[in-house]
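In terms of the numbering used here, the sequence shown is residues 104 to 201.
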Amino acid sequence: MRNRRHRVCIKGKQLSWEGVWSGVPQGSVLRPLLFLIFINDLEDNTTGSILKFADNTKIFRQVRDMHDNIQMQVDLDKLVEWAEKWQMQFNISVRLCM
Numbered sequence: 104m105r106n107r108r109h110r111v112c113i114k115g116k117q118l119s120w121e122g123v124w125s126g127v128p129q130g131s132v133l134r135p136l137l138f139l140i141f142i143n144d145l146e147d148n149t150t151g152s153i154l155k156f157a158d159n160t161k162i163f164r165q166v167r168d169m170h171d172n173i174q175m176q177v178d179l180d181k182l183v184e185w186a187e188k189w190q191m192q193f194n195i196s197v198r199l200c201m
C-alpha cells in the first residue's frame, strides 16, 4: 500500500492531508473478511504460536536450545513458502522488545 493519505474532518473543518504508512483500507466490511479467509491457512504445518490481527501477523516461540532454534527457522521457512505460493510479501522490519 503506497501513496495513501488521509485527513480528519470534524463539523466542516478539515485538517491537511497526511501520509498513511500502514493499515487496511477502510470502508468495506467484505474486504477484511475476505483477507482473513485468504490468510486462514497461514499457520498450517507450523509449530510456533501465531497471532493475527487485521493485516498484522506475529510468530513466536520460546527458544531454549538449538532444536527450538532450528524449529523456529523451519516455521519461518514455511511462512516464506506460503507467501511465495500466494504472491504475498511480508514486511520484515525488525522491532526489538527489551
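Idealized CB from N, CA, C, for every residue including glycine.
Note that this is a predicted model, so its numbers are computed, not measured.
How far does the beta strand (DSSP E) with residue i in it extend, from its first residue to its last?
i: K181; result: From DSSP, K181 is part of no beta strand (DSSP E) but of the alpha helix (DSSP H) over M169 to K188.
i: L154; result: S152 to F156
i: G115; result: Where G115 is concerned, there is no enclosing beta strand (DSSP E), given that its DSSP letter is neither H nor E.
i: T160; result: N159 to F163
i: R108; result: R107 to H109
If you follow the alpha helix (DSSP H) that residue i is in, where does it begin and where does it stop?
i: R134; result: L133 to F141
Alpha carbons only, please: which of the options is nearest the one belonging to residue i?
i: H170; options: T150, T160, A186 and W185; result: T150
i: V123; options: R134, L139, R110 and A157; result: R110
i: W185; options: N148, L154, P135 and D158; result: N148
Taking all protein chains shown into account, do 16 or more other C-beta atoms lie within 10 angstroms of the C-beta of residue i, making it buried, or fewer, making it exposed?
i: M201; result: Unreliable positioning characterises M201 in this predicted model, as indicated by a pLDDT of 45, which lies under 50. A coordinate reading is not provided.
i: D168; result: exposed
i: L182; result: buried
What is the rounded straight-line gap between the Cα of residue i and the Cα of residue j?
i: Q117; j: R107; result: 17 Å
i: M191; j: L145; result: 11 Å
i: N194; j: C112; result: 31 Å
i: V177; j: W120; result: 43 Å
i: Q174; j: G115; result: 55 Å
i: Q165; j: R134; result: 34 Å
i: L136; j: F163; result: 24 Å
i: N61; j: F138; result: Lying before the first or after the last residue shown, residue 61 is absent from the chain, which here runs from 104 to 201.
i: D158; j: W189; result: 15 Å
Got a sec: does the ligand PLP put a non-hydrogen atom nearer than 7 Å to the Cβ of residue i?
i: D180; result: Judged by which ligands are present, the structure shown has none, so any question about the ligand PLP falls away.
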